[in-house]
Amino acid sequence: MRYMEDGKTLFVPPGLLGLLINVSSSILDPVLVPILGRVVIHEMMPKRRGLYAWSGLHQLRFDKVVDCLVSDLNVAGTERDVRDLSTKTALEFGALEPLLMLYKRRLLEVLGRGVRLHSDYSNAQVFFVLWALGHCGERDADALVNTVLRNSALFARAFQCSVNHAMWLQKPCSFWN
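Positions 1 to 177 (UniProt numbering) are the ones given, in order, by the sequence shown.
Here is the structure:
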């Protein structure tokens, strides 16, 4: 998914659009949180040369997260390309927990307690699938998504990733602690 500022257009991949069309209107709002909300939060997060900047100590902390994620990224390219992807990954990683909290709150407000969106998956699992689908078609999406999710305790809890699971890291990076 991509926002094109010059035409004020949001490009949504056809598969994602098909998913949205097949969702009933009563759950459309919560379902959009992991897909569209990540774009909004990502744009609001501070960046070195962006509209907002981290304070000195917060920038150092963010740089440590970026450094930690660099070691987990498995992509080819120049050191600069890997660093840029790690920075993007850190921003996505930082947005994941607030998005999940918003998603859960919107589900509760719209559907009430105890309602499951899918009979085979928990609502948290559906969130992570939707969040990952929101990256379809992006460059290095597989590396970004896998790195963020391998470092997410929330993902590990939702999918019950055990010690020997491919999506479990012994020493994950931490954004919020």
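Even glycine gets a Cβ: it sits at the ideal position worked out from N, Cα and C.
How many Å lie between residue i and residue j at the Cα?
i: Leu57; j: Ser152; result: 23 angstroms
i: Leu85; j: Gly37; result: 20 angstroms
i: Glu79; j: Phe175; result: 22 angstroms
i: Cys136; j: Glu109; result: 28 angstroms
i: Ile21; j: Val145; result: In this prediction, Ile21 has a pLDDT of 46, which is less than 50 and means its spatial position is unreliable; nothing more can be read from the coordinates.
i: Asp29; j: Gly112; result: 14 angstroms
Within this structure, are the beta carbons of residue i and residue j separated by less than 9 angstroms?
i: Pro155; j: Phe128; result: It is worth fixing the name first, because residue 155 is Phe in this sequence and not Pro. Cβ distance < 9 angstroms, so Phe155 and Phe128 count as in contact.
i: Ala132; j: Arg157; result: no
i: His100; j: His42; result: According to the sequence displayed, residue 100 carries Leu and not His. Against a cut-off of 9 angstroms, the Cβ pair of His42 and Leu100 comes out as no contact.
i: Pro34; j: Leu130; result: yes
i: Thr89; j: Val148; result: yes
i: Gly134; j: Val40; result: no
i: Asp72; j: Cys173; result: yes
i: Trp168; j: Arg150; result: yes
May I ask you to report which of helix, strand or coil DSSP gives residue i?
i: Leu36; result: helix
i: Asn146; result: helix
i: Ala166; result: coil
i: Thr89; result: helix
i: Gly114; result: coil
i: Met45; result: coil
i: Gly94; result: helix
Which two residues bound the contiguous alpha helix (DSSP H) that contains residue i?
i: residue 180; result: Coverage of the chain is limited to positions 1 through 177, which leaves residue 180 absent and any answer about it impossible.
i: Lys64; result: Gly56 to Asp72
i: Gln125; result: Asn123 to Leu133
Using 8 angstroms as the cut-off, classify the Cβ of residue i as near or not near the heavy atoms of the ligand FAD, replying yes or no.
i: Leu36; result: Questions concerning the ligand FAD fall outside what the structure shown contains, since it holds no ligand whatsoever.
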